[in-house]
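The structure under discussion appears below in the form of C-alpha cells.
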Ligand code: ADP
Ligand code: ZN
C-alpha cells in the first residue's frame with residue numbers, strides 16, 4: 001500500500017504516519033527528515049538547502065523529487081511506503097505520477113490554523129534520530145528531554161519558531177493547498193478531522209486503510 005499524508009505543517013502527519021508505518025510494517029519517507037539529515041551532513045547540497053529551510057520556504061522541486069525517487073527505489077519500499085511531507089507542489093505531484101509510482105490513498109489531515117500554531121510551539125524532536133514528541137499534546141518521552149528510542153536530546157526545531165511557522169503556513173496555502181483538488185480529481189483524497197485526539201485520528205485513519 002502506497003500512501004501520501006497531506007495536510008498543513010503541524011497537522012500531525014508525522015505522528016500519524018509513524019502509527020501506520022508500524023501497523024503495516026512499511027517505511028515512512030519524510031522529506032523534511034531527509035532534508036534535515038542532509039543539512040546535518042554538512043555536504044554541498046546541505047549548505048544549499050539551509051537558507052530555504054530557515055526562511056520556512058520550500059526547497060527546489062528538483063532536489064526533493066530526486067531524493068524521493070531514490071528513496072522509493074530501495075528494497076524496503078517494495079511492499080509499500082508512506083510519503084510524509086511530499087508532494088508539496090503540483091510539480092512534485094506530477095513528477096510522482098510520471099515516474100510510474102502508483103498511489104493508493106491520500107490521507108488529508110485537516111486542522112484550523114489556530115490549532116496548528118499551538119501544536120508547533122509544543123513540538124520537540126530528537127536531535128539524533130528525528131522522532132517527534134509534543135509537550136502540548138501529551139506525546140511525552142519517558143524521561144524528560146530524552147528520546148525513548150536513542151536517548152538523544154530533545155530540541156525545538158529552528159523552523160518551529162512563530163515567525164517561521166507563519167511563513168510555512170503561507171507557503172502551504174500558496175503552493176500545497178491546491179493538491180486537495182489535484183487528488184480529488186484522481187478520487188484518492190480522504191479527509192480526516194485533525195482537531196480530534198491523536199487516538200481518534202489514528203482510529204479514523206485505520207478505518208480508511210482497512211487496518
Ligand atoms: P512540517 O512539520 O512542516 O511538515 P517538514 O519536516 O515536512 O515540516 O519540512 C520541513 C521543511 O523542509 C519545509 O519547511 C521545507 O523547507 C522542507 N521540505 C520538506 N518537504 C519538502 C518538499 N516536499 N518540497 C520542498 N521542501 C520541502
Ligand atoms: Zn532519538
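Residue numbers (our numbering): 1 to 211.
For each residue, glycine too, the CB sits at the ideal point set by N, CA and C.
These are the residues, in chain order, with a beta carbon less than 5 Å from any non-hydrogen atom of the ligand ZN: 126, 128, 129, 131, 147, 149, 150 and 152. For residue 89, the secondary structure class from DSSP, reduced to helix, strand or coil, is coil. The three-state reading of DSSP puts residue 123 in strand, counting E and B together.
Here residue 132 is not near residue 146, since their CB atoms are 8 Å or more apart. For residue 206, the enclosing alpha helix (DSSP H) has its first and last residue at 198–209. Setting aside the 5 residues that flank it on each side, residue 55 is surrounded in the same chain by 167, each with a C-beta closer than 7 Å to its C-beta; the list follows chain order.
DSSP, read as helix, strand or coil, puts residue 105 in strand.
In the DSSP assignment, residue 79 falls outside any beta strand (DSSP E), carrying neither H nor E.
The criterion of a C-beta distance shorter than 8 Å is not satisfied by residue 1 and residue 100. Cβ-Cβ distances below 8 Å link residue 77 to 26, 27, 29 and 71 in the same chain, with the five nearest sequence neighbours on each side left out; the list follows chain order.
Listed as beta-bridge partners of residue 59 by DSSP are no residues whatsoever.
Bridge partners of residue 190 according to DSSP: 107. The beta-bridge partner set that DSSP reports for residue 30 consists of 84. A heavy atom of the ligand ADP is found nearer than 7 Å to the CB of residue 52.
Taking the Cα positions, residue 206 is about 32 Å away from residue 161.
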